[in-house]
Each structure stands twice: as structure tokens, then as C-alpha cells.
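Enquirer:
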Amino acid sequence: MTGQYNIVMIDDDPEICALVADFLGGQGFRVATAGDGDGLRRLLAEDPADLVILDLMLPGEDGLTLLRHLRATSRLPVIMLTAMGSETDRVVGLEMGADDYLAKPFGTRELLARIRAVLRRAAPPTEATVEPVAESLDFAGWRLDIAHRRLTAPDGVLAEMTSGEYDLLLAFLRHPRQVLSRDQLLDLARGRMAGPFDRTIDVQVGRLRRKLESDPKAPEIIKTVRGGGYVLATDVRKG
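Numbering (my numbering), first residue to last: 1 to 239.
Right, here's the structure in full:
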């Protein structure tokens, strides 16, 4: 992962922007920074980005407003920067489709790890990484095309997914009818363990249910197991 990736960072603190740009530039990334929504739109119009690092506390349009705009117009991966301990902002951001979050203050090495993980999840699989056994997985009338990272509904309509939703759904499909704790799901889908108040999985499960279930309040595909976690309560067939 080097210079072919263009990172856009939006934060109204010029010192943080300079620090991150200098560090990521030393890791081979191209980095452009701005301090507000107008700067974000200008940068994206000038040069398509591969990932956006978005602070939620911004002058004018806040980060959630900009995240809503990004999700309405693109599938561009987004890492949110949130205030330390601001669980509500993280949950709302994930509900709106952010791919990951990082609390301030943060270490540049952790940011780099998050960027690499999100870019890996968002990248289309190469010939070497495509599932050798199953190119697609069928469940409850749905089909997940692993080779192209596409989810097709029973009526044939494609369902949009963020990279985080795709990874979580794939984790469920690889462990059907198996109760998985939140920690296990975070580890399987995101490669990191949950913090003591991490609600990432609950948010992503809610998003998946709204896509998959006829009644998300009475789910039949992804069920909650009290005190245990979640289970994919349907059979999976390899295509």
C-alpha cells in the first residue's frame, strides 16, 4: 500500500493535519488536507480520493452532515475522528455508514493501521484473493457475490453495502447457525477486539437487518442470542 492511494483529511486543526500528512506521506501515501466541507468538496473535485479521514467537530457543516453527503453520493471509505469517549457520535456515524472510527487523541501508527485495514476491505479482490471454493454464498433467497463484493436481493436488486457491512455479513455466512459473540464478530470482521463499550457490531447488525429482514424488529435471518451475541439462523449454500 503506497503512493497509488490518495488520502483526504478534513480537520480544522492545521497542526493535526500537518502531522498526519507528514507521517502518511512518509509511508508512501498522497495526502491532501482541508479544514471544512467546502475544502472537502474542492479536493474531491480536483482529484478522486481513495479514503477520507473526517473529523466530526468542524466549523460550518459538521462531520455527520458531510458523512451523510458522502454516503448519498459515493461508497468512498470514511474513517471518523471523534472526541475521546463520545460513544454517541461513533454510533451515529457508524449508523450513517462510516467504515471505522478513531478517538482523539490518537497515535499515527494506529491511524495507519486503520487506514490499511479499511483500504484492504474496500479494495476489489485480486485473482489471488478471490475465494477458491465458493464464488458466491446463497442464503434465505439472497446471494453474496464474493468475487465482486455484491449483495443481491431475492428480487434481483443489488443492495448497497459499506465495506464494514460486507465483512460482517461474510463473517456470519462463514459461520452459519453458530452463536458468535460481539468480540468474535469484531475479530472475524475487522481484525480487532472490542473495547469495553464498543457498540460497533450492534450498529452494523442493525444496518444489515434493515437490508435483509422483511421486519428488522422481528429478525429471522440474524437473530440475537441473549447473553451470547448473534447467530445467522439460516442455511448457507456455496455457489
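The C-beta atom is built at its ideal place from N, Cα and C for all residues, glycine as well.
(1) Could you tell me which residues DSSP pairs with Arg-177 in its beta bridges?
(2) If Ala-78 and Asp-99 are in contact, beta carbons under 8 angstroms, what's the gap, nearest whole angstrom?
(3) Jot down the residue ranges of each uninterrupted beta strand (DSSP E) in the segment 50-138, minimum 3 residues, whole runs only, in chain order.
(4) Around the C-beta of Gln-204, are 16 or more other C-beta atoms found within 10 angstroms, so that it is buried, or is it exposed?
(5) Taking buried to mean at least 16 other C-beta atoms within 10 Å of its own C-beta, is Asp-89 buried or exposed?
(6) What is the DSSP secondary structure of Tyr-166, reduced to helix, strand or coil?
(7) Round the Cβ separation of Met-96 and Arg-71 to the nearest angstrom and send it over; I've been treating them as touching at under 8 angstroms.
(8) Looking at C-alpha atoms only, which residue of Leu-76, Ser-74, Leu-81 is the closest neighbour of Asp-62?
(9) In the DSSP assignment, find the unbroken beta strand (DSSP E) run with Val-205 in it and report its ends.
(10) For Gly-26, report the span of its alpha helix (DSSP H) as first-last.
(11) Please tell me whether Leu-208 and Leu-180 are closer than 7 angstroms, where the distance is taken between their beta carbons.
(12) Taking the Cβ atom as the reference point for each residue, do Val-92 and Leu-76 lie within a distance shorter than 7 angstroms?
(13) Looking at the unbroken beta strand (DSSP E) that takes in Asp-145, where does it start and where does it end?
(14) Pick out whichever of Gly-228, Lys-211, Leu-158 has its Cα sitting closest to the Cα of Asp-183.
(15) Who are the Cβ neighbours of Asp-167 in its own chain at under 6 angstroms, not counting the five residues just before and after it?
(16) Identify whether Ala-233 lies in helix, strand or coil by the three-state DSSP scheme.
(17) What is the DSSP secondary structure of Ala-45, reduced to helix, strand or coil?
(18) Helix, strand or coil for Ala-153 per DSSP?
Expert: Working from what's here:
(1) Per DSSP, Arg-177 has no beta bridge partner at all.
(2) Here residue 78 is Val; the residue named in the question, Ala, does not match the sequence. At roughly 6 angstroms, the Cβ-Cβ gap stays under 8 angstroms, so Val-78 and Asp-99 are in contact.
(3) Complete beta strand (DSSP E) runs here, min 3: 51-55, 78-83, 100-104.
(4) buried
(5) buried
(6) helix
(7) 6 angstroms
(8) Leu-81
(9) That residue, Val-205, is in no beta strand (DSSP E); its alpha helix (DSSP H) goes 200-212.
(10) Run containing Gly-26: 14-26, per the alpha helix (DSSP H) assignment.
(11) no
(12) no
(13) 142-145
(14) Gly-228
(15) For Asp-167, where only same-chain residues beyond five positions count, the Cβ hits under 6 angstroms are Arg-121, Ala-189.
(16) Here Ala-233 sits in coil by DSSP.
(17) Here Ala-45 carries a helix assignment [DSSP, helix/strand/coil].
(18) coil
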